[in-house]
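Trainee: After the structure tokens below, expect a handful of questions from me.
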Amino acid sequence: MSSPFGLLGMAHRATANLRQMSYGSTAPAAAPATSSLTFDDNNSDTVSISSATKRRSFSPLLQTRKPSLAVVDNVNATSSPATYPPATAEAVLSDVVSNGSSTMLVMHEPTSGSDTSSVMLSESPWMEAVELNKSVDSIDYFSLPPRESSEESAASTLVNLGDCSALEAVIEELKLAKKGLEDQVQRLSDEKQRVADDLESLTHESQRSECELKEKQGRWDEEKAVLIAEQDRERSRFEQEKSSFAGQVRDLMDEKEGLIKEFARKQEQWDEESAQVAEKTVREIDILDKEKQELEGRVTALESRVNDKEQAEEKLEDILAVLKTEQEDNARTMIVQQQYLVTARNELESFQFQAAKEIQAATAESRRLSQQLKSEKEATKKLQESADARVNSLQNDIDSMRDDRERQIASRDNQINLLNAKLDKAKNAPIKVTFNVRAETVCGENIFITGSIDQLKHWSPKNAIALSPHNYPIWSVTLSIPASTAFEYKYIRKFNGALTSWESDPNCWYSSPASGIATINDIWR
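Residue 65 in this note's numbering sits at position 61 of the sequence shown; the count goes up by one each step and never skips.
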């Protein structure tokens, strides 16, 4: 890449020679002053400009450039042979821009009969092309690769020293390029200082992190020792609980034997009570049959009396027809007789209804006793099964107790989180849920609801919650249900307080909202 300082020196010398030629100096040709601009790769922060009469040094750049940048050869101003043809300044600048190399400027004294001078520019292969029309900020003189060296020099051109305006424009552009390079060097210096500060801060941060790591390692060792001691205490406590559980198992085995004996005794007692209930039921049924027969006889007698009274009424009507003179007395007698007949008929109907009701109640009681006997047998069987299941579960609990204890230690934090979640859930205020079901019932029959949560009595038909038929056939009830709770429920029918039927499967399912009120509309299935 062509150095702007080499081009700047070349432009200064060309301008001085051009002014000397333009003012028409006729001084005899003398040995030209030799100027040199040296760019040292080994010490790139110093640029020296030397001449025969004056030498000055300056350091506009810091050591940020690579040592592989191009070297600007000495620029010598010597006389040019008269055999070269003249060339314009535009051609020289175009050649400098296209070749981008350092140039050797050769000065010639004006020959006789000629008012112009020629300058020969000898190009060096160490320089690359420079676009002079680019802005200063767009040229990065430190990132372009150096041009490969060549042993052949480019063709020399002649410069017409009369073109002053083009050279002055080049000089201005080179000054701007120099200023841009100085700004870029300053920015690089600031960047270098910032990187050094960052490196120092990172070093302090690394030392601080090492100290913290050592402190954490010490704390971790202490916590590890505490955990090991706690684990030993837990192990000893587990052994103690194990021995305690063994004693509990022996107690449970003794309790099991006692339960078996108690079950046998209860079984005998239940058998005796069942036999007594059966005998009592048979006796009551016999009594009811006898009462039924007596009632039938009484009904027959009443019917015969009614027939007799009807016949007597007919006779009285015949007598009234014959005995017109006794019409008023007979009329009063007929009224009395009719009232008596109506009363007797009402008594007969009420007696028949009462007898039918008593027969129905006796039949229902007999069915209830049979169902109770059957349920007691099933309860006995379930008790035996539950006792066996309890013994098996106790044996399984003994086997899994060791694993459970170890899992308890590992899951302590999880249990704490779960308890906190349950506590937050318990803090939620319950919401009002209205249950509406469309069901048609008979007189004396009511609709109840029960379900899988405490508010719905845990599937208990006995404790089921009654619904109100305010908008019959719509039965309704409003309950307080915990927020965000999923549960199942079902409706049942009761006749005079006794369970008659459940709603058909499947169970109804509902999840209460987090807040507000809710309404559920169902139809009896």
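C-beta atoms are modelled at their ideal positions from N, C-alpha and C, and glycine is treated no differently.
For clarity, every value in this text was computed on a predicted model and none was experimentally measured.
#1: Return the Cβ separation of I457 and T489 in integer angstroms, given the expectation that the two are a contact with Cβ distance under 8 Å.
#2: Can you grab the Cα-Cα spacing for the pair P465 / E492, in whole Å?
#3: Quick check on E177: buried or exposed, where buried means 16 or more other Cβ atoms within 10 Å of its Cβ?
#4: Are at least three pairs of beta-carbons, each pair with one atom in the region 253–271 and one in the region 367–383, less than 8 Å apart?
#5: Report the rounded CA-to-CA distance for Y88 versus G13, giving the unit in angstroms.
#6: Kindly list the residues whose CB is nearer than 6 Å to the CB of L352, restricted to its own chain and excluding five residues on each side of it in sequence; keep chain order.
#7: When the Cα atoms are used, what is the spatial distance from E261 to E277?
#8: What residues match up with D194 in a beta bridge as DSSP calls it?
#9: Closer than 6 Å by C-beta to L345: which residues in its own chain qualify, once you throw out the five before and the five after it? Chain order, please.
#10: Below 6 Å CB to CB, which residues in the same chain sit around F499 once its five sequence neighbours on both sides are set aside?
#11: For the candidate residues Q342, P473, E226 and I339, whose alpha-carbon lies nearest to that of R442?
#12: Determine the direct distance from the alpha carbon of L398 to that of E219, and round the result to whole angstroms.
#13: Note down, in chain order, each residue of its chain lying with its Cβ closer than 7 Å to the Cβ of A468, except the 5 sequence neighbours on either side.
#14: Do V437 and I524 have their C-beta atoms closer together than 8 Å?
#15: If you run the structure through DSSP and keep just helix, strand and coil, what is W224?
#16: Which two residues bound the contiguous beta strand (DSSP E) that contains R497?
#17: Using the C-alpha atoms, what's the distance from L185 back to Q170?
#18: Taking DSSP as the reference, what is the three-state secondary structure of H208?
#19: List the residues that DSSP assigns as beta-bridge partners of S515.
#20: Taking the CB atoms as reference points, tell me whether A366 and L299 lie closer together than 8 Å.
#21: Can you tell me the Cα-Cα spacing of A173 and E195, whole angstroms?
#22: Identify, in the order they occur along the chain, each residue of the same chain with its Cβ nearer than 7 Å to the Cβ of W528, setting aside the five sequence neighbours on each side.
#23: Are the beta-carbon atoms of I435 and A487 separated by less than 8 Å?
#24: Going by DSSP in three states, K466 sits in which element: helix, strand or coil?
#25: Please report the Cβ distance between L373 and V281, rounded to the nearest whole angstrom; I am assuming they are in contact, meaning their Cβ atoms lie under 8 Å.
#26: Would a C-beta distance cut-off of 8 Å place V310 and A368 closer than the cut-off?
#27: Is the distance from the Cβ of I289 to the Cβ of S390 below 8 Å?
Mentor: Checking against the coordinates, here is how it stands:
#1: For the purposes of this step, residue 457 is identified with residue 453 of the sequence shown, where counting begins at 1. For the purposes of this step, residue 489 is identified with residue 485 of the sequence shown, where counting begins at 1. The Cβ separation is near 7 Å, so the contact holds.
#2: Taking the sequence shown and counting its residues from 1, the one referred to as residue 465 is at position 461. Taking the sequence shown and counting its residues from 1, the one referred to as residue 492 is at position 488. Distance between the alpha carbons of P465 and E492 is about 14 Å.
#3: The residue given as residue 177 occupies position 173 in the sequence shown. By the neighbour-count rule (16 or more Cβ atoms within 10 Å), E177 is buried.
#4: Too few Cβ pairs lie closer than 8 Å, so no.
#5: Position 84 of the sequence shown, counted from the first residue, corresponds to residue 88. Position 9 of the sequence shown, counted from the first residue, corresponds to residue 13. Low confidence applies here, because Y88 scores a pLDDT of 43, under 50, leaving its location unreliable; read the following figure in that light. Each residue's alpha carbon lies about 24 Å from the other.
#6: For the purposes of this step, residue 352 is taken as the residue at position 348 of the sequence shown. The residues are L306.
#7: Working through the sequence shown from its first residue, we reach residue 261 at position 257. Working through the sequence shown from its first residue, we reach residue 277 at position 273. Distance between the alpha carbons of E261 and E277: 24 Å.
#8: Within the sequence shown, numbered from 1, the residue matching residue 194 stands at position 190. Its beta-bridge partners do not exist; DSSP assigns none.
#9: Here the question's residue 345 lines up with position 341 in the sequence shown. The residues are K313.
#10: Counting from 1 along the sequence shown, the entry for residue 499 is found at position 495. Around F499: G448 and E449.
#11: Position 438 of the sequence shown, counted from the first residue, corresponds to residue 442. It is P473 whose Cα lies nearest to the Cα of R442.
#12: Residue mapping note: residue 219 aligns to position 215 of the sequence shown, counting from 1. Residue mapping note: residue 398 aligns to position 394 of the sequence shown, counting from 1. Distance between the alpha carbons of E219 and L398 is about 50 Å.
#13: By one-based count along the sequence shown, residue 468 stands at place 464. Excluding positions up to five away in sequence, the list reads F452, I453, T454, K461 and I496.
#14: Mapped onto the sequence shown, residue 437 falls at position 433. Mapped onto the sequence shown, residue 524 falls at position 520. Yes. Within cutoff.
#15: Taking the first residue of the sequence shown as 1, we reach residue 224 at position 220. Note: W224 maps to helix in three-state DSSP.
#16: Stepping through the sequence shown from its first residue, residue 497 is reached at position 493. Residues A490 to F499.
#17: For the purposes of this step, residue 170 is taken as residue 166 along the sequence shown, with counting starting at 1. For the purposes of this step, residue 185 is taken as residue 181 along the sequence shown, with counting starting at 1. According to the sequence displayed, residue 170 carries Ala and not Gln. Near 23 Å, if we compare the C-alpha coordinates of L185 and A170.
#18: Against the sequence shown, residue 208 aligns to sequence position 204. Helix, per DSSP.
#19: By 1-based counting over the sequence shown, the position of residue 515 is 511. A490, per the DSSP bridge assignment.
#20: Locating residue 366 in the sequence shown gives position 362, counting from the first residue. Locating residue 299 in the sequence shown gives position 295, counting from the first residue. No, Cβ-Cβ distance for A366 and L299 is not below 8 Å.
#21: In the sequence shown, the residue the question calls residue 173 occupies position 169. In the sequence shown, the residue the question calls residue 195 occupies position 191. For the pair A173 and E195, the Cα-to-Cα distance works out to about 33 Å.
#22: Position 524 of the sequence shown, counting from 1, holds the residue named residue 528. Hits under 7 Å: V441, R442, A443, Y495 and E507.
#23: Numbered from 1 along the sequence shown, position 431 holds the residue referred to as residue 435. Numbered from 1 along the sequence shown, position 483 holds the residue referred to as residue 487. In this structure, A487 lies closer than 8 Å to I435 by Cβ.
#24: Locating residue 466 in the sequence shown gives position 462, where the first residue counts as 1. Three-state DSSP puts K466 in coil, outside helix and strand.
#25: As a first step, residue 373 is located in the sequence shown; it is residue number 369 there, counting from the start. As a first step, residue 281 is located in the sequence shown; it is residue number 277 there, counting from the start. That belief holds up - the Cβ atoms of L373 and V281 are roughly 6 Å apart, short of 8 Å.
#26: By one-based count along the sequence shown, residue 310 stands at place 306. By one-based count along the sequence shown, residue 368 stands at place 364. Not a contact, by the Cβ cut-off of 8 Å.
#27: For the purposes of this step, residue 289 is identified with residue 285 of the sequence shown, where counting begins at 1. For the purposes of this step, residue 390 is identified with residue 386 of the sequence shown, where counting begins at 1. Cβ distance not < 8 Å, so I289 and S390 don't count as in contact.
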